[in-house]
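The structure appears below as structure tokens.
Chains as they are written, first to last, in my numbering: chain R, 39 to 537; chain E, 61 to 415.
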């Protein structure tokens with residue numbers, strides 16, 4: 039295995055953005071027919087390195103060789119011409135055209151445009167890579183779920199027959215079914231002698247897939263290990279530079295009375311939802327992608343109006359027609375799409391934290407900047423938001439710290455109910471355990487918490503009770519002691535029964 | 061239920077916190093005082109001030125008349141009307157929208173203020189009536205955008221034509237009434253308060269008000285929030301529709317005030333002349349002042365500096381006897397150069413249509 043030819047070698051890669059040193063002296067080797075995992079906390083430099091490989095940035099220093107020949111990528115076209123494809127985490131999908139056109143978007147002009155042939159070719163490729171039942175060649179870009187968008191992006195890369203493929207957290211938006219298909223695809227790529235780089239935060243995946251693991255920390259190269267010769271603890275140590283003896287451990291809090299109750303709630307997205315959450319309880323919501331978990335959260339948060347049933351908070355039925363109503367009822371909501379739906383990236387940490395409680399920080403309409411700064415400082419300290427100051431633009435923070443800013447915004451409202459949709463998505467190991475600790479602490483303070491997560495270990499670890507959703511309905515409920523990955527999956531795939 | 065924000069409860073318990081104090085995520089160079097002053101004023105504003113100084117110096121050297129007090133008053137009164145529209149346009153742009161109908165609203169308000177004044181012989185009625193019409197025009201704009209789901213550019217492009225047509229219909233396309241003998245209108249046009257022309261005072265008043273609202277109030281902060289991320293604002297409990305309609309109504313009111321000033325200056329209600337094309341000048345000033353058309357960014361100070369720069373440029377070129385056609389070319393060039401410099405500084409990659 040160690041004798042596979044080196045397809046790509048990067049040595050001494052250094053890159054600065056103004057005063058910020060993003061990478062210094064990074065080493066990476068990708069071998070044909072091998073999967074090399076690239077690991078590191080957020081801000082470790084993985085994304086920057088991938089952008090250099092993709093030709094988005096030029097390194098300040100260091101050498102990039104393809105098949106032993108030093109190369110310079112001026113732009114993404116150069117990188118592609120060299121047989122390298124980097125799969126974006128948040129793919130750009132053209133809304134108004136079909137999956138087929140989206141996949142072949144760069145090469146449509148080079149052949150006489152024949153829609154029938156294009157659709158046929160797309161169907162063949164989808165079938166070849168195992169996604170023919172997940173996605174249809176004719177579907178429009180605007181109809182695709184995040185998982186399907188990711189698959190389109192992956193297909194774009196594989197159909198161009200590259201020799202090196204880099205995946206950037208491909209599974210963060212995929213459900214378990216699609217993950218299985220993706221792994222099969224990667225195995226197939228490997229069998230065809232393609233060099234694969236795989237960025238992920240998920241240990242389980244990496245041990246399943248990778249042959250070797252390269253770890254970065256704070257922009258520096260920490261080391262490369264053969265998977266066979268390392269273990270979970272060593273990798274975590276390499277990534278964070280310290281021991282995380284207990285990765286995550288939650289003590290259930292004493293339960294109070296029922297704070298949130300949904301009675302037969304339904305609308306265009308969800309149907310017949312009965313659900314309760316007690317004070318101090320953390321309720322997990324599991325399910326496959328498309329099961330309606332995020333839609334349920336948005337329904338409770340007032341963004342999707344309910345058509346039937348009622349939402350009860352603290353023994354009172356609330357008419358929730360818009361987010362402001364649910365905020366009044368004491369519900370806080372951190373959505374899945376942090377950047378698109380929660381953050382004002384161009385504004386400061388202070389602004390973002392104060393967004394919902396701005397009026398309480400004001401006298402008449404005048405915002406008290408002192409009250410606002412005090413609020414920001416309180417939460418920067420309490421949630422350990424790593425930022426140079428409260429005035430820093432949120433867009434410049436790492437994913438974990440951005441999520442903490444969102445949490446700060448809702449904690450400032452002293453919520454009775456907190457809805458967290460994928461609270462640790464795209465967040466590094468260290469920040470994850472901090473988020474778990476915050477959830478635990480909130481439960482102990484009597485907040486009713488709902489956590490939606492696609493990561494089963496996360497749902498199992500964090501929840502006192504778990505609802506499983508399938509096809510817009512609740513297909514089952516499990517207590518902490520009953521719950522296991524197998525039982526959750528069985529309920530989640532109950533789709534046919536529910537539909 | 062205020063436990064969450066209580067001071068004595070650490071959100072992270074000691075038991076779960078195994079991490080040492082936060083590591084520095086990035087190395088940042090120490091910032092000098094000079095740099096801090098620059099960031100406080102804003103690079104954008106500094107370049108505008110620099111440009112104004114440059115233009116003033118060049119023109120002043122060639123024509124000493126430029127520095128006389130009467131000429132400064134000429135510049136001030138010349139920019140007052142477009143300045144008003146630029147200030148409100150900035151607010152609309154920060155909200156993430158655009159209002160191209162402001163010139164037409166000003167024309168409509170100009171005509172109606174003169175006509176109401178003529179029939180009631182009350183300046184107060186004329187002013188109030190015109191402002192009310194401006195507010196209604198803004199309400200119409202806002203409702204078309206919010207409830208008709210029409211893109212702001214298209215919506216106000218349509219009302220630009222419609223409002224202009226209404227102004228022409230009710231005035232039969234001619235100047236209306238005579239306000240030149242009314243003391244209030246005369247005061248607006250040529251009066252002074254403590255030596256400062258009324259026109260300039262009106263602009264200063266509106267600009268300061270807009271600045272304070274944007275900078276120091278919940279309303280202003282929510283306007284930036286809606287322009288920066290409307291989904292986040294909605295989920296944060298902000299009634300976005302109310303903000304959109306409200307901002308357009310305020311814009312209509314201020315455009316009407318601009319129209320009343322046109323009436324005062326010309327002595328009669330003007331359906332078109334004096335207001336046509338002002339919307340584009342207003343957008344020019346806002347863009348030059350650093351407001352980003354995608355919303356969430358911009359400030360009144362930048363816009364006012366841009367208005368001054370454009371006013372000084374026009375006045376100076378007139379003094380130097382530059383042909384008006386060339387003046388237009390100069391204005392256009394200035395806008396392109398300024399925005400190109402802005403964009404290059406932001407380091408955006410040169411691909412596709414910029415955001």
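Glycine included, each C-beta is placed from N, C-alpha and C at the ideal position. As the structure is a computational prediction, the values presented were derived from the model and not from experiment.
Proximity of residue i and residue j at Cβ, strictly below 9 angstroms
i	j	result
residue 146/E	residue 364/E	yes
residue 202/E	residue 309/E	yes
residue 348/E	residue 362/E	yes
residue 382/R	residue 292/E	yes
residue 129/R	residue 174/R	no
residue 227/R	residue 196/R	yes
residue 316/R	residue 486/R	yes
residue 99/E	residue 351/E	no
residue 257/R	residue 61/R	yes
residue 144/E	residue 256/E	no
residue 369/R	residue 489/R	no
Short CB-CB distance (under 9 angstroms) between residue i and chain R
i	result
residue 405/E	no
residue 284/E	yes
residue 293/E	yes
residue 281/E	yes
residue 343/E	no
residue 83/E	With a pLDDT of 42 at residue 83/E, under the threshold of 50, the predicted position of this residue should be treated as unreliable, and no value is reported.
residue 327/E	no
residue 349/E	no
residue 205/E	no
residue 289/E	yes
residue 79/E	With a pLDDT of 41 at residue 79/E, under the threshold of 50, the modelled position of that residue is not reliable, and the figure given next carries that caveat. Answer yes: the Cβ-Cβ gap between residue 79/E and chain R drops below 9 angstroms somewhere.
residue 133/E	no
Helix, strand or coil at residue i according to DSSP, with G and I counted as helix
i	result
residue 285/R	For residue 285/R, the predicted model reports a pLDDT of 49, less than 50, meaning its position is unreliable and no value from the coordinates is stated.
residue 53/R	strand
residue 386/E	helix
residue 259/R	strand
residue 513/R	strand
residue 137/R	helix
residue 327/R	coil
residue 353/R	coil
residue 257/E	strand
residue 459/R	strand
residue 159/E	coil
residue 345/R	coil
residue 129/R	coil
residue 236/E	strand
residue 305/R	coil
Any C-beta of chain E under 9 angstroms from that of residue i
i	result
residue 309/R	no
residue 139/R	no
residue 393/R	yes
residue 400/R	yes
residue 405/R	yes
residue 360/R	yes
residue 189/R	no
residue 460/R	no
residue 52/R	no
residue 42/R	no
residue 379/R	yes
Cβ-Cβ separation, residue j to residue i (assumed contact under 8 angstroms), whole Å
i	j	result
residue 281/E	residue 396/R	6 angstroms
residue 303/E	residue 395/E	Contact doesn't hold; Cβ gap of about 28 angstroms is too wide.
residue 98/R	residue 145/R	The Cβ separation is near 33 angstroms, so there is no contact.
residue 380/E	residue 122/E	6 angstroms
residue 244/R	residue 191/R	So it is not a contact: roughly 20 angstroms between Cβ atoms.
residue 176/R	residue 157/R	7 angstroms
residue 167/E	residue 227/E	5 angstroms
Inset, instruction - Decide yes or no for the touch test of the segment 195-213 of chain E against the segment 336-351 of chain E: beta carbon pairs closer than 8 angstroms, at least 3 of them. - result: Result no; under three Cβ-Cβ pairs closer than 8 angstroms.
Inset, instruction - Take every Cβ of the segment 462-479 of chain R, pair it with every Cβ of the segment 66-83 of chain R, and state whether three or more of those distances are shorter than 8 angstroms. - result: The answer is yes - the segment 66-83 of chain R touches the segment 462-479 of chain R, with three or more Cβ pairs under 8 angstroms.
Inset, instruction - Please determine if the segment 386-393 of chain R and the segment 323-334 of chain R are in contact, where contact requires at least 3 C-beta pairs separated by less than 8 angstroms. - result: Taking 8 angstroms as the limit for Cβ pairs, the verdict is that the segment 323-334 of chain R does not touch the segment 386-393 of chain R.
Inset, instruction - Give a yes or no on contact between the segment 125-133 of chain R and the segment 174-188 of chain R, applying the rule of three or more CB pairs nearer than 8 angstroms. - result: Contact between the segment 125-133 of chain R and the segment 174-188 of chain R is present, because at least three Cβ pairs lie under 8 angstroms.
Legend entry - the segment 105-119 of chain E in contact with the segment 284-292 of chain E per 3-pair CB rule at 8 angstroms: Three or more beta-carbon pairs separated by less than 8 angstroms are not found between the segment 105-119 of chain E and the segment 284-292 of chain E, which leaves the two stretches without contact.
Legend entry - the segment 245-259 of chain R touching the segment 58-76 of chain R, judged by at least three CB pairs closer than 8 angstroms: When C-beta atoms of the segment 245-259 of chain R are compared with those of the segment 58-76 of chain R, three or more pairs fall below 8 angstroms, so the two segments count as touching.
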